[in-house]
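Whatever position you read off the sequence shown (first residue = 1), add 27 for my numbering.
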Amino acid sequence: MAILVKTEQAEVTIVKEYVNDVFEQVKKRNPNEVEFHQAVKEVFDSLIPVLTKNTKYIHHGILERIVEPERMISFRVPWVDDQGNVKVNRGFRVQYNSAIGPYKGGLRFHPSVNASIIKFLGFEQIFKNALTGQPIGGGKGGADFDPKGKSDGEIMRFTQSFMTELSKYIGPDTDIPAGDIGVGAREIGYLFGQYKKIRGGYEAGVLTGKGVGYGGSLGRKEATGYGTVYFVDEMLKDKGLSFSGSTVIVSGSGNVSIYAIEKAVQLGAKVVACSDSSGYIYDKNGINLDTVKQLKEVEYKRISEYVNHHPEAEYHEGCAGIWSIPCDIALPCATQNEIDEAAAKQLVANNVKAIGEGANMPSTLEAISVFLENDVLFGPAKAANAGGVSVSALEMAQNSGRISWSFEDVDNKLQEIMKDIYESSKRSAAEYDVPGNFIVGANISGFTKVADAMISQGVI
28 MAILVKTEQA
38 EVTIVKEYVN
48 DVFEQVKKRN
58 PNEVEFHQAV
68 KEVFDSLIPV
78 LTKNTKYIHH
88 GILERIVEPE
98 RMISFRVPWV
108 DDQGNVKVNR
118 GFRVQYNSAI
128 GPYKGGLRFH
138 PSVNASIIKF
148 LGFEQIFKNA
158 LTGQPIGGGK
168 GGADFDPKGK
178 SDGEIMRFTQ
188 SFMTELSKYI
198 GPDTDIPAGD
208 IGVGAREIGY
218 LFGQYKKIRG
228 GYEAGVLTGK
238 GVGYGGSLGR
248 KEATGYGTVY
258 FVDEMLKDKG
268 LSFSGSTVIV
278 SGSGNVSIYA
288 IEKAVQLGAK
298 VVACSDSSGY
308 IYDKNGINLD
318 TVKQLKEVEY
328 KRISEYVNHH
338 PEAEYHEGCA
348 GIWSIPCDIA
358 LPCATQNEID
368 EAAAKQLVAN
378 NVKAIGEGAN
388 MPSTLEAISV
398 FLENDVLFGP
408 AKAANAGGVS
418 VSALEMAQNS
428 GRISWSFEDV
438 DNKLQEIMKD
448 IYESSKRSAA
458 EYDVPGNFIV
468 GANISGFTKV
478 ADAMISQGVI
């Protein structure tokens with residue numbers, strides 16, 4: 028037995044050294060791309076058990092191949108503002124992995140967008156999409172354009188210029204973008220219109236998140252937020268807990284946040300805080316979602332305006348303080364790395380029971396360690412926020428069949444998908460002796476599906 032244990036430990040050590048060597052190569056070949064490095068390390072660390080048990084993934088060079096995008100596109104986006112000034116932004120599309128289907132992933136318009144952000148998002152998307160059980164590969168895109176403060180005309184001219192270049196690389200069976208931060212129904216509409224004009228035909232399946240009146244799916248705008256809550260609900264039920272009667276914090280106030288709030292309230296929770304990039308509101312009586320929707324979806328105003336409608340609420344400058352509010356469940360739905368180690372410790376000190384990542388990589392690696400060390404239920408982004416891309420795939424299916432499903436049908440399918448993601452993540456975690464660790468479970472479950480397809484298709 029001692030010899031066996033020693034041999035197993037030696038094998039693990041060898042695999043760890045191999046994984047570290049590949050990771051060091053990633054850092055060397057992608058200098059200063061800290062977000063991308065963070066995403067790769069989180070996945071790589073999770074894969075050590077599966078690589079030790081299944082050395083075929085090492086022999087076939089899967090790690091070395093999966094970290095390299097199949098294609099990385101960068102392009103200029105010239106446009107004219109309302110004063111007649113010519114502006115130039117930079118656009119990106121990473122077509123990361125097509126082993127199990129066409130590239131699929133959103134477009135982000137935000138001044139922080141750069142190659143590192145797009146690559147980290149695209150890398151995460153590979154495994155997230157695999158978890159959905161739908162035939163879609165991983166991709167992502169966007170531009171360092173800031174929609175805030177821009178007129179409808181400026182946004183239309185920018186999106187048209189962006190699509191003029193992007194249209195060369197996408198298609199219903201090649202690459203299907205959707206929305207993300209800064210890209211909502213308005214932007215998708217302008218993008219689709221320009222694509223249609225350029226192509227001279229009606230290819231409904233080229234974009235998802237479209238308006239219901241022109242090929243969109245009922246339930247799509249709710250899907251990411253609803254899906255996050257559905258995943259967390261599965262975690263809670265396994266521990267005899269519930270949203271009902273729980274106090275919840277949801278960061279952000281965009282599409283994901285709004286519908287995470289909506290579903291949490293429907294399940295009996297009281298959501299007391301949400302935020303935007305300027306600050307956060309705290310309403311001890313529970314957030315009035317109708318007001319938030321009016322401010323954010325109709326008037327495109329700052330969340331600080333909320334207190335003008337509800338004087339009993341508090342507004343605080345800055346976003347970090349939202350995590351100091353005592354809660355049972357925290358749903359970070361704003362942006363990457365919004366929960367750092369200090370915020371995680373504050374949440375733990377306030378007896379938080381569960382975290383559900385509605386945004387992409389909203390917790391730092393240090394924060395995740397704090398949650399796991401303190402037995403906080405943790406739903407990682409690539410599992411918990413997969414609802415949006417799941418319904419995007421359902422939208423693609425409806426477009427292909429030239430049919431439209433009811434909201435109830437779509438929502439039922441979404442609930443089934445999120446439950447399947449939870450069960451597969453739970454099963455993989457248990458199989459590799461880390462029960463309850465949904466980070467490891469989700470990463471392994473998504474990775475093995477993609478890796479096996481890559482092996483089957485040869486070295487390409």
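Positions of the beta carbon are idealized from the N, C-alpha and C atoms, including for glycine.
Going by Cα to Cα distance, which pick from the options is closest to residue i?
i                 : options                           : result
leucine 234       : Pro199, Ile225 and Phe474         : Pro199
phenylalanine 147 : Tyr459, Ala457, Asn387 and Asp402 : Asn387
glycine 306       : Lys68, Ala361, Val437 and Gln52   : Ala361
asparagine 47     : Leu404, Glu62 and Glu69           : Glu69
glycine 468       : Ser73, Gln65, Asn57 and Pro58     : Ser73
phenylalanine 347 : Ser304, Asn378 and Asn335         : The displayed chain sequence assigns alanine, not phenylalanine, to residue 347. Of the candidates Ser304, Asn378 and Asn335, the one whose C-alpha sits nearest the C-alpha of alanine 347 is Ser304.
aspartate 260     : Ala291, Gly232 and Leu441         : Ala291
phenylalanine 102 : Ile127, Ala66, Asn141 and Gly132  : Asn141
For residue i, which three-state DSSP category applies?
i              : result
tyrosine 327   : coil
glutamine 122  : strand
tryptophan 106 : strand
alanine 322    : It is worth fixing the name first, because residue 322 is leucine in this sequence and not alanine. Reduced to three states, the DSSP call for leucine 322 is helix.
leucine 404    : strand
methionine 28  : With a pLDDT of 38 at methionine 28, under the threshold of 50, the modelled position of this residue cannot be trusted; read the value that follows with caution. Of the three classes helix, strand and coil, the one that applies to methionine 28 here is coil, per DSSP.
serine 101     : strand
valine 140     : coil
asparagine 47  : helix
glycine 246    : coil
isoleucine 356 : strand
glycine 306    : strand
lysine 167     : strand
alanine 504    : This structure cannot settle anything about residue 504, because the visible part of the chain is limited to 28 through 487.
Please look up how many angstroms separate the CB atoms of residue i and residue j, rounded, as I've assumed it's under 8 Å.
i                 : j              : result
phenylalanine 136 : proline 174    : 5 Å
glycine 236       : tyrosine 286   : Contact flag wrong, Cβ pair sits at about 13 Å.
serine 455        : serine 472     : 4 Å
tyrosine 222      : methionine 190 : 5 Å
valine 299        : tyrosine 309   : 6 Å
serine 280        : valine 319     : 6 Å
glutamate 192     : glycine 132    : 17 Å between Cβ atoms; not a contact.
Using the Cα positions of residue i and residue j, report the straight-line distance between them to the nearest angstrom.
i                 : j                 : result
glycine 546       : aspartate 479     : The structure shown has nothing for residue 546, since the chain only spans 28 to 487.
serine 273        : proline 359       : 16 Å
phenylalanine 474 : isoleucine 93     : 9 Å
asparagine 377    : alanine 357       : 11 Å
glycine 295       : serine 284        : 17 Å
glycine 414       : phenylalanine 258 : 9 Å
glutamine 442     : alanine 250       : 10 Å
aspartate 202     : tyrosine 130      : 4 Å
valine 121        : isoleucine 366    : 26 Å
lysine 476        : valine 49         : 21 Å
proline 162       : glycine 243       : 19 Å
Along the alpha helix (DSSP H) that carries residue i, what are the first and last residues, could you check?
i             : result
glutamate 336 : Strictly speaking, residue 336 in this sequence is histidine, with glutamate absent from that position. Taken as a continuous stretch (DSSP letters only), the alpha helix (DSSP H) holding histidine 336 covers 333 to 336.
valine 67     : 61 to 80
threonine 274 : Where threonine 274 is concerned, there is no enclosing alpha helix (DSSP H), although the beta strand (DSSP E) it sits in stretches over 274 to 277.
lysine 290    : 282 to 293
aspartate 460 : That residue, aspartate 460, is in no alpha helix (DSSP H); it is neither H nor E in DSSP.
aspartate 367 : It is not in any alpha helix (DSSP H) - aspartate 367 carries neither H nor E in the DSSP assignment.
Identify the continuous beta strand (DSSP E) that holds residue i and give its terminal residues.
i                 : result
histidine 343     : 341 to 344
aspartate 429     : Position check: residue 429 holds arginine in this sequence, whereas aspartate was assumed. Here arginine 429 belongs to no beta strand (DSSP E), and DSSP marks it neither H nor E.
phenylalanine 136 : 130 to 136
alanine 381       : 381 to 383
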